[in-house]
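Structure first, commentary second.
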Amino acid sequence: MKFRFALLVAALALALSISAFSYSEEPAQDTAAPAQEETTTDDSAPFVLLRVYEGQFADVKDGDWFAPSVVSAYEYGLLNGRGEDSFAPSGNVTIAELLTIAARLRAIYTTGSDAVIPAAKENEAWYAPYVSYLKSQNLLDNSFEGFYLLPASRAQMAGIFAFAVPEEWYTEPNASLVTSAYSSRDYIADVTDKTPYRSEILLMYRRGLLSGMDAKGSFYPDRSVSRAEIAALLTRVVEPETRLTLTWTVAPYHSVKNATLASLVKAPTSTSLPTSAKDTAAIDGLVRNMLARGEHTITLNYSKALTTATASALTQAFTSCVKTYCEQMYNAVSCRSYSTGKVVLTFSSTACTAKTLESYRAKALAAAIKVHDSLWESGTLSYDMSQYEIARTYFQWLCDHCRYDNAAADDSASHLAYGALVSGLAVCDGYTGAYNLLLKLEGIECTSLFNDSHIWTLATLDGTQYHIDVTWGDQYGRTDLRYFGMSEEQSYQCHPWGTADKKK
1 MKFRFALLVA ALALALSISA FSYSEEPAQD TAAPAQEETT TDDSAPFVLL
51 RVYEGQFADV KDGDWFAPSV VSAYEYGLLN GRGEDSFAPS GNVTIAELLT
101 IAARLRAIYT TGSDAVIPAA KENEAWYAPY VSYLKSQNLL DNSFEGFYLL
151 PASRAQMAGI FAFAVPEEWY TEPNASLVTS AYSSRDYIAD VTDKTPYRSE
201 ILLMYRRGLL SGMDAKGSFY PDRSVSRAEI AALLTRVVEP ETRLTLTWTV
251 APYHSVKNAT LASLVKAPTS TSLPTSAKDT AAIDGLVRNM LARGEHTITL
301 NYSKALTTAT ASALTQAFTS CVKTYCEQMY NAVSCRSYST GKVVLTFSST
351 ACTAKTLESY RAKALAAAIK VHDSLWESGT LSYDMSQYEI ARTYFQWLCD
401 HCRYDNAAAD DSASHLAYGA LVSGLAVCDG YTGAYNLLLK LEGIECTSLF
451 NDSHIWTLAT LDGTQYHIDV TWGDQYGRTD LRYFGMSEEQ SYQCHPWGTA
501 DKKK
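So the sequence shown is numbered by our numbering: it starts at 1 and just counts up by one.
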């Protein structure tokens, strides 16, 4: 699309008197843009230079990394100073300010001017017209209601700006590299499936609008965004020639040879004493904390001794919880309750002694690492595959390399991931434990769900949760993919579970 703009200077000067950066209900009075003729080098570009920077910001020095971007954003009329001689490059930016800039970008790109956005009415928040405009363009919902004046995070910045200007304005020079680098988990590693605006963040890397804050492209999604960072981003938005070409070096595959079972569990930020056996959140936090530390005991300290019934209920609750981490191979819990209120829970396996279990755990992990690395080395797995495709590959591999142990007793190693990965024999908890171990080595979020007689996997693949039953998928020499990627409804038809069984 070609654009030709002849913006009226007077109208623009009026628009620029509205600050894009304010922390109060009323916008700060920044220095208005000087009346001048337009300066542009490309009459087909949607954004044009409107004024000349004359060194008025005392806190923007030659040599500052952000100096060229501040000058550019100022000359395009997209950012003003805070006062007559200050830019405040390290200052925070509110959500309202980001939305204001995004609305102006959209309006200028699509109509040639931001004059289509009216001034705020009396008793109306200064940013309200910009919010309304973005909503009219289907670029904003109500998720920021009540939070407009809070400092914006870098993740929110990406969410707001990713589609402010139509995608036709961009190319994606880094698309292939970002896909492989992100999949390797060596780059942009702090952006996960749970990161708000994950897709928008990665899109901005692909477009060359972002490169991260260190050599590994770390994004720091929760960190507040600064005015200097916004200036840099705006320059790359309006000037395609300033966009970044990433030069990351991605290894052919990401080896997990240094992984530990403890490293596969995300420790909670804090733990609390369970108020009862129904306090599943506290119980899960304690179990994760134990596993992430590589330990196998949990000590609780209550104000008084527990009754036998309460201690028994707690023991059962902790047993049910640890089974959802079946790749760790603990499936039994013993409890010692003292008159002082102290409770010691010891986690073990019904298949073997504690010493043997540690050996089994080490051997199962080593086998899983070997499977992972060999599939990557052979090209069976590659960075251009989705999580769904990777999970299906492991599903097929396990069905091909393990068989159901019809003779397994309650004390058999076939109940452990060790059985599936080392001996090639397993029952459902062995299959599921091995499968979850392989998925977690890939960084795929998963857990398990069980009823009285069976256990299977719940995995989040590319943002969608699926039920996966690798045990039933192994049909004696053939793989039944009907049991891969089931919806909750499909899974329930195969193996119902009670609400108490369902992993929250």
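Heads up, the beta-carbon is just placed ideally off N, CA and C, and yes, glycines get one too.
Computed from a predicted structure; not experimentally measured.
Check: C-alpha gap between L78 and T171, whole angstroms; Outcome: 22 Å
Check: Minimum C-alpha distance to M157 - residue among N92, Y466 and D64; Outcome: N92
Check: Secondary structure of W497, DSSP reduced to three states; Outcome: coil
Check: For T235, the nearest candidate out of F66, S132 and G424 (CA to CA); Outcome: F66
Check: CB of N436 within 8 Å of CB of S453, strictly; Outcome: no
Check: Coarse secondary structure for Y492, derived from DSSP in three states; Outcome: helix
Check: Cβ-based neighbour list, M486, same chain, cut-off 8 Å, excluding 5 preceding and 5 following; Outcome: Y466, H467, I468, D469 and C494
Check: Nearest residue (CA-CA) to A228, options A73, V238, G83 and R206; Outcome: A73
Check: Pairwise C-alpha distance: E488 and W497; Outcome: 11 Å
Check: Where L291 falls, given that 16 or more other Cβ within 10 Å makes a residue buried; Outcome: buried
Check: Host beta strand (DSSP E) of N406 (start-end); Outcome: Neither: N406 is in no beta strand (DSSP E) and is coded neither H nor E.
Check: Boundaries (first-last residue) of the alpha helix (DSSP H) holding Y53; Outcome: Counting along the chain, Y53 falls outside any alpha helix (DSSP H), and DSSP gives it neither H nor E.
Check: Where the beta strand (DSSP E) through R336 begins and ends; Outcome: A332 to S337
Check: For G341, the nearest candidate out of S386, A305 and D114 (CA to CA); Outcome: A305
Check: Same chain only: Cβ atoms within 6 Å of T41, ignoring 5 sequence neighbours per side; Outcome: Annotation note: pLDDT 45 at T41 (below 50); position unreliable, no value reported.
Check: Same chain, Cβ closer than 6 Å to A408, neighbours up to 5 away in sequence not counted; Outcome: S414 and V427
Check: Beta-bridge partners of H401, as assigned by DSSP; Outcome: Partner(s): none; H401 has no beta bridge.
Check: Cut-off 7 Å between Cβ atoms - residues of its own chain near S337, not counting five sequence neighbours on either side; Outcome: A305, L306, A311 and V343
Check: Host alpha helix (DSSP H) of I369 (start-end); Outcome: A354 to E377
Check: Between the CA atoms of V333 and Y505 - distance to the nearest angstrom; Outcome: In the structure as shown, the chain begins at 1 and stops at 504. Residue 505 is therefore absent and cannot be evaluated.
Check: Secondary structure of F163, DSSP reduced to three states; Outcome: coil
Check: Segments assigned alpha helix (DSSP H), at least 4 residues, entirely inside the region 183-209; Outcome: 198-206
Check: Element boundaries [beta strand (DSSP E), containing L461]; Outcome: I455 to L461
Check: Of the listed residues A251, K278, Q396 and G285, nearest to V265 (C-alpha basis); Outcome: G285
Check: Reduced DSSP category for N436 - H, G, I as helix; E, B as strand; rest coil; Outcome: helix
Check: Counterpart residues of I468 in DSSP-defined beta bridges; Outcome: T457
Check: From Y205, T195 and E145, residue whose alpha carbon lies closest to that of N174; Outcome: Y205
Check: Residue range of the beta strand (DSSP E) that includes L345; Outcome: K342 to S348
Check: V237 and V131 closer than 8 Å at C-beta; Outcome: no
Check: Assigned exposure category for Q387 - 16 Cβ within 10 Å defines buried; Outcome: buried
Check: Inter-residue spacing [alpha-carbon to alpha-carbon] between D222 and G208; Outcome: 21 Å
Check: For E97 and S86, the rounded distance between their alpha carbons; Outcome: 18 Å
Check: Beta bridge counterpart(s) of P151 as assigned by DSSP; Outcome: T94
Check: Close-in-space but distant-in-sequence residues of the same chain around S367 (CB under 7 Å, 5 per side omitted); Outcome: The question names Ser, but residue 367 in the sequence shown is Ala. Counting only Cβ-Cβ distances below 7 Å, and skipping sequence neighbours, we find L421 and V422.
Check: 8 Å Cβ cutoff met for G433 and L425; Outcome: no
Check: Close Cβ partners of D480 (< 6 Å) along its chain, the five nearest in sequence each way excluded; Outcome: G473
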